[in-house]
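*Asks:*
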Amino acid sequence: MPAESELVLHSDGSVYHLRLKDEHIADNVILVGDPSRVDTISSLFDSIDIKISNREFTTHTGTFRGKRITALSTGIGTDNIDIVVNELDAAINFDPITREPKENLRSLNLIRIGTCGGLHASIDSGDTAITEYSIGLDGVRHFYDIEESDEERHVRIAYEGFTENDVPVNRPYVAVANSELLSKLEHLGKRGITLCANGFFGPQGRQLRIPLANPNFNDEVDRFEINGLNILNYEMESSALYALGGSLGHNCICLCVVIANRKSQKFGVDYQRAVGQLVSNVLDSI
Numbered sequence: 326m327p328a329e330s331e332l333v334l335h336s337d338g339s340v341y342h343l344r345l346k347d348e349h350i351a352d353n354v355i356l357v358g359d360p361s362r363v364d365t366i367s368s369l370f371d372s373i374d375i376k377i378s379n380r381e382f383t384t385h386t387g388t389f390r391g392k393r394i395t396a397l398s399t400g401i402g403t404d405n406i407d408i409v410v411n412e413l414d415a416a417i418n419f420d421p422i423t424r425e426p427k428e429n430l431r432s433l434n435l436i437r438i439g440t441c442g443g444l445h446a447s448i449d450s451g452d453t454a455i456t457e458y459s460i461g462l463d464g465v466r467h468f469y470d471i472e473e474s475d476e477e478r479h480v481r482i483a484y485e486g487f488t489e490n491d492v493p494v495n496r497p498y499v500a501v502a503n504s505e506l507l508s509k510l511e512h513l514g515k516r517g518i519t520l521c522a523n524g525f526f527g528p529q530g531r532q533l534r535i536p537l538a539n540p541n542f543n544d545e546v547d548r549f550e551i552n553g554l555n556i557l558n559y560e561m562e563s564s565a566l567y568a569l570g571g572s573l574g575h576n577c578i579c580l581c582v583v584i585a586n587r588k589s590q591k592f593g594v595d596y597q598r599a600v601g602q603l604v605s606n607v608l609d610s611i
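Counting from 1, position 249 in the sequence shown corresponds to residue 574 in this note's numbering; the numbering is continuous, with no gaps.
#1: Taking DSSP as the reference, what is the three-state secondary structure of PHE542?
#2: Take SER572 and list the residues in its own chain whose beta-carbon comes closer than 6 Å to its own, dropping the five residues that flank it on each side.
#3: List in chain order: all unbroken alpha helix (DSSP H) runs of 4+ residues lying wholly within the region 447-521.
#4: Among LEU569, ALA351, ALA585, GLU428, whose alpha-carbon lies nearest the alpha-carbon of ALA396?
#5: I believe GLY514 touches ALA454 by the beta-carbon criterion, under 8 Å. Please report the beta-carbon distance rounded to the nearest angstrom.
#6: Output the distance between the C-alpha atoms of HIS385 and ILE460, rounded to the nearest integer angstrom.
#7: Between which two residues does the alpha helix (DSSP H) harbouring ILE408 extend?
#8: What does the alpha-carbon distance come out to for the pair VAL465 and LEU569?
#9: Just the C-alpha distance for PHE525 and SER589, rounded to the nearest angstrom, thanks.
#10: Given a cut-off of 7 Å, decide if ARG380 and GLU457 are closer than it, judged by their beta-carbon atoms.
#11: Can you give me the C-alpha to C-alpha distance between LEU537 and LEU345, rounded to a whole angstrom?
#12: Nearest CA to the CA of GLU323: which residue from ASP414, LEU430, GLY338, CYS577?
#13: What's the call for THR423, buried or exposed, on a 16-neighbour Cβ count within 10 Å?
#14: Once the 5 residues before and after ASP337 are set aside, which same chain residues still bring their CB inside 8 Å of it?
#15: Is SER398 closer than 7 Å to VAL333 when the C-beta atoms are compared?
#16: Taking only the alpha-carbon atoms, compute the straight-line gap between GLU477 and LEU520 and give it to the nearest angstrom.
#17: What distance in whole Å lies between the Cβ atoms of ILE611 and ILE436, which are believed to be in contact at a cut-off of 8 Å?
#18: Measure the Cβ-Cβ separation of GLY601 and SER432 and say whether it is below 7 Å.
#19: Quickly, what does DSSP pair ALA396 with across the bridge? List them, please.
#20: Take SER450 as the anchor and find which of THR365, ARG598, GLY553 has the nearest alpha-carbon.
#21: Let me know if ILE535 comes out buried or exposed under the rule of 16 or more other beta-carbons within 10 Å of its beta-carbon.
#22: Could you tell me how far apart the beta carbons of GLY355 and ILE366 are, in whole angstroms, since I believe they sit closer than 8 Å?
#23: Which term fits LEU533, buried or exposed, when burial requires 16 or more other beta carbons within 10 angstroms of its beta carbon?
#24: Quick one: what does DSSP say VAL582 is sitting in, helix, strand or coil?
#25: State buried or exposed for VAL607, treating a residue as buried only when at least 16 other CB atoms are found within 10 Å of its CB.
#26: If we ignore side chains and look at the alpha-carbon of each, how far apart do ASN429 and ALA328 end up?
#27: Shortest alpha-carbon distance to ILE417 belongs to which of ASN353, VAL480, ASP463?
#28: By the 10 Å Cβ neighbour count, where 16 or more other Cβ atoms means buried, how is ARG496 classified, buried or exposed?
#29: According to DSSP, is ASP374 part of a helix, a strand, or is it coil?
#30: Would you list the residues sitting across from PHE592 in a DSSP beta bridge?
See below:
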């Protein structure tokens, strides 16, 4: 049984940061970074029965064409994903009275919809990148005893070999999308590999006034290919989502609209409209 200091609950039994309980959470959960995007999603619902907000975490649960859906904002970064995934699982799979795991565990579909920067010439601003493999440059997975699959190990070893001459800044890991969700949603974009960074500027190769340790890194990883897939994009959440969510038995996938092309160094797309259309397409498909 986790101690009160480890599984922190409010007096009503809700989890500490999200303030959610089991009954607040649908089996299909759409994760977005921006709290205002939750309103965009729930505006498409036929009805809304739950609205809860605490810090950057806003949750709306309702129905869409007879399906119960939860929209939840995570904020930015894998550190927040660590909170969101663990607390979602705790809310649905722990008894708040006994603080013990329930006998029958729920499994969620965790679908991240967001924005990203394109890294490969084959993907343009306005396109959707679907993360089949996420290469984590963030380190969150290394704090957990999570078994690495043969598939993940194969991609990781290939990536480490490809980047072995770079200045070492981290120990990467690889996490893979849920195959069923990937098959269900692959028609909505281009499948590929995502680099999941632990920052927006230096970790994604942006230099303002501080020099970069690996200034040519983005040009180098553009050439990486495995299993017929290229590194398509940078984003900041997918690796921890896949690693932690998958380890807990949840089904995870990430779809992101490309709003900046790092190859052409151009930023420009009506991303609010593009993300709204992607949300609508995902709701129609799940």
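C-beta atoms are modelled at their ideal positions from N, C-alpha and C, and glycine is treated no differently.
Because the structure is a prediction, the values reported are computed rather than measured.
*Replies:* Taking the coordinates as given:
#1: helix
#2: Cβ neighbours of SER572 beyond the five flanking positions: ILE471.
#3: 475-487, 504-510
#4: ALA351
#5: 6 Å
#6: 30 Å
#7: 403-418
#8: 9 Å
#9: Going by the C-alpha atoms only, they are around 18 Å apart.
#10: no
#11: 41 Å
#12: The requested residue 323 does not occur in the structure, where the chain is confined to residues 326 to 611.
#13: exposed
#14: LYS346.
#15: no
#16: 14 Å
#17: 7 Å
#18: no
#19: DSSP output for ALA396 lists ILE355, HIS385 as bridge partner(s).
#20: For the set THR365, ARG598, GLY553, the Cα lying nearest the Cα of SER450 is the one of ARG598.
#21: exposed
#22: The question names Gly, but residue 355 is Ile in the sequence shown. Right, the Cβ-Cβ distance comes to about 6 Å (below 8 Å), so this counts as a contact.
#23: exposed
#24: strand
#25: buried
#26: The straight-line gap from Cα to Cα measures roughly 21 Å.
#27: ASN353
#28: exposed
#29: strand
#30: ALA585
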